[in-house]
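Quick note on this note's numbering: the sequence shown kicks off at 94 and runs consecutively. Every residue gets a Cβ at the ideal spot worked out from N, C-alpha and C, and that includes glycine. What you are looking at is a predicted structure, and each value in this text was computed from that prediction instead of being measured. These notes concern the structure reproduced below.
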Amino acid sequence: MEVGVITNGTGAAPQAATGDAEALYVGSTGLGVFFTLILAVPVALFFWFAAYSPATLAGPAGSGGSTSVWIVLGVGLILYATLLNALYVVITNRAAARAGARAAGTLALLVLAVLASCFAAQPARAAEAGGGPNGIAVSFFVVLVAATLAITYWAARHTRSTTDFYAAGGHLTAMQNGLAMAGDTISAGAFLGLSGLTYASGYDGLLYATGYCVAYPVIGILFADRMRNLGRFTFADVVSYRLQQGPVRILAALSTLTIAIFFLISQMVGAGQLVQLLFNIDYDAAEVIVGVLMVCYVLFGGMMATTWVQIVKAVLMLVTGAAISCLILNRFGWSYDALLARATELHPRHLAMLAPAGFSSAPLSTLSLGLAMFVGSAGLPHLIMRVFTVADARTARSSMFLGVICISSFFALISIIGLGAVALVAGNPDYVLPGGALRGGGNMAAVHLSHAVGGDLMLGFVAAVAFATIIAVVAGLTLSGAAAVSHDIYASVIRRGRVDERTEVRISRAATVVLGLLAVGLGIAFRGQNIAYLIGLVVGIAAAANFPLLVLSLYWRGLTTRGAVLGGATGLGLSVVLTVLGPSVWVKVLGHAAPVFPLDPPTLVALPAAVVVCVAVSLLDRSRRADIDRAGYAEQSRRMHGVAAPVPVLAAAE
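In structure tokens form, the structure reads like this:
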């Protein structure tokens, strides 16, 4: 029987915590569950009304204005989730108030700077979009790509170990990791996809934005400190801590690869459309350009390069989102009602755009989507890896909270950006083809909007930042997939830990190249799909495959290896198969007349099935391995709470 110790992210065993820390961490267990439940209730009601009573949400929120109940509830729920996360961190992390104040001050300065510049901005003359390459846009693009490649070169010189490659050395500050997490989250789906969805369908885009925002506090409240104290680099390090390493790691790696590949599709579609629009080149060639850059970032810089590209990108995206929003409002006399009135006048659905469109016709799919977004984000492997880039659990909680502040701030702006696209882009022949479709595809609404409010200069800046956004996210996704191959399968299962760091990094780099080729091929195959919708399918897979294993391995003593493997395989298999048989793939990609399975995503079926199998098999498991699994939970619990130095953990089968 192999015996091993899983150390912290720096490779060193954590020190025993003090008695005060023990009481604090143990007390936070029930507190985290309680906070998650009081967050889940209003989220469930929000999606229930969207599914079964959309007319209730379409009415005005008050007399004398046109803002709907739908808008007020969405923005209010985002604020509620953020404040709830803040309260939890302040209670459990006594240093959080200072970090939170510093973050709030930084964001306030950014917003004030943008507001000051907006008052000086003049309306720009519309120019032809989509003819030839835009010189200013291309210049911004080249400068930003050169800057990120310089970051990669610097990171490559500082990447000397597996800890550097997978976890950026494990010593990021809360501010750095919070911004990097925001960079990982504010993706092509967030900026291009949601604004495009709002442009096409109205406030369906707000439902997605709200769902993503309320999901991220779950990571910080339920999992961040426990995962940081247990794992080293990956999702598999956490769930396999007391279970049999081989089968659990293989399952976790397969799940990570599946999620990374599906997520890469959404990002590659957005990137291909953007490069095609900027350079007026063939979509397939654009996909190849994106794939080459993505591989370079991960191949040479690892997590160090990925992190700093994400930090730079997050700051740029926050400034860009605020700038576009201010320029839009400036066009309408800083009146949100005036903007809303103009948007409803031009949108094909008019006032009906203020209520859910596609969700009321498929209420069960709406509930399934809500469940997927609320719990699925916590199961995304590239976000889980962010927890391991900081030194301790306290910093992990603070960084997750700071990330939530940035994410919520940006998603709240999406409502303005989406409405602005309807008000200023719809019907404009410079941006819309004769048949009514947007030049460059439906995901390009925000890019055309930037030209409408700021001319070539703003278009160039926004296009370059949007591209950097996509590259940063795909780099993080590729790294998580490569780590699953090199760390979880090769180093931990095939070589059973007997591998030198240089060889492991070489395997990871080879996996990066393969994933890059696969991403290019799938990006071409899924051309034209709305990327926000594709991301909804990805979080559905993460919700069914990874979330049950995380919750049960961290919170339930009774989970056994058999239960984890069979339950996780059930969630992964059902979610993938039913996604393929659902409307998004079976009809929109494969061209069939009707879907085999109606729910899209299938989380409402796949997640409960995974939990039932995990629990039932574990309860019925009477093997010797099951006894070892259950006996290991006591020490795991102390380790999760940071109150004991690690002791040898049974890590292989009998």
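Residues sharing a beta bridge with residue i, DSSP
i	result
valine 483	Leu265
leucine 531	Val525
CA-to-CA distance, residue j to residue i, given in whole angstroms
i	j	result
tyrosine 292	alanine 703	36 Å
asparagine 178	threonine 488	14 Å
glycine 684	threonine 571	29 Å
tyrosine 296	leucine 447	6 Å
isoleucine 352	glutamine 269	25 Å
valine 555	isoleucine 500	18 Å
arginine 732	threonine 696	32 Å
serine 601	leucine 433	49 Å
alanine 317	asparagine 521	47 Å
alanine 748	tryptophan 163	The question about residue 748 has no answer here: the residues shown for the chain are numbered 94 through 747.
glycine 463	leucine 130	15 Å
leucine 132	isoleucine 184	16 Å
serine 711	tyrosine 301	35 Å
leucine 526	serine 470	36 Å
glycine 472	tyrosine 334	17 Å
glutamine 729	aspartate 714	20 Å
arginine 218	aspartate 523	Residue placement at arginine 218 is poorly supported in this model, since its pLDDT is 37, which falls under 50; the coordinates are not used for a value here.
leucine 659	valine 468	20 Å
leucine 643	leucine 285	31 Å
glycine 169	phenylalanine 139	11 Å
glycine 533	isoleucine 343	40 Å
histidine 734	valine 381	46 Å
leucine 476	tyrosine 429	34 Å
alanine 559	valine 402	13 Å
alanine 213	arginine 321	Bear in mind that the predicted position of alanine 213 carries a pLDDT of just 38, short of 50, making it too unreliable to give a figure here.
tryptophan 649	alanine 724	12 Å
alanine 727	leucine 422	56 Å
alanine 398	arginine 655	38 Å
leucine 409	valine 518	23 Å
threonine 278	isoleucine 564	12 Å
proline 641	serine 348	12 Å
valine 383	alanine 364	7 Å
phenylalanine 234	threonine 400	20 Å
proline 456	alanine 143	8 Å
threonine 199	isoleucine 171	Reliability fails at threonine 199, whose pLDDT of 49 lies under 50, so the model's placement of it is uncertain and no value is given.
valine 385	alanine 539	25 Å
N- and C-terminal bounds of the alpha helix (DSSP H) containing residue i
i	result
arginine 588	It is not in any alpha helix (DSSP H) - arginine 588 carries neither H nor E in the DSSP assignment.
arginine 718	717 to 724
leucine 700	696 to 713
valine 678	Here valine 678 belongs to no alpha helix (DSSP H), and DSSP marks it neither H nor E.
threonine 291	287 to 294
methionine 466	456 to 469
arginine 540	According to the sequence provided, residue 540 is valine. The question's arginine does not apply to it. 538 to 576 is the span of the alpha helix (DSSP H), which, as asked, contains valine 540.
phenylalanine 640	640 to 648
methionine 320	317 to 323
glycine 298	297 to 311
leucine 439	429 to 439
Heavy atom of the ligand SAM within 8 Å of residue i beta-carbon
i	result
arginine 490	As far as ligands go, the structure on display features none, and thus does not contain the ligand SAM.
Which runs of the alpha helix (DSSP H) spanning at least 4 residues fall entirely within the stretch 328 to 416, listed in chain order? 328 to 332, 338 to 372
Are the stretch 308 to 323 and the stretch 536 to 547 touching by the rule of at least three beta carbon pairs closer than 8 Å? no
Please confirm if the stretch 412 to 427 is in contact with the stretch 501 to 511, defined as three or more CB-CB distances below 8 Å between the two stretches. yes
Hey, is the stretch 366 to 380 in contact with the stretch 658 to 670, meaning 3+ C-beta pairs nearer than 8 Å? no
Quick check: the stretch 319 to 335 against the stretch 574 to 588, are there 3 or more CB pairs under 8 Å? yes
Mind the definition here: the stretch 625 to 637 touches the stretch 587 to 607 only if three or more C-beta pairs lie below 8 Å; say whether that holds. no
Between the stretch 608 to 617 and the stretch 354 to 363, do at least 3 Cβ pairs fall closer than 8 Å? yes
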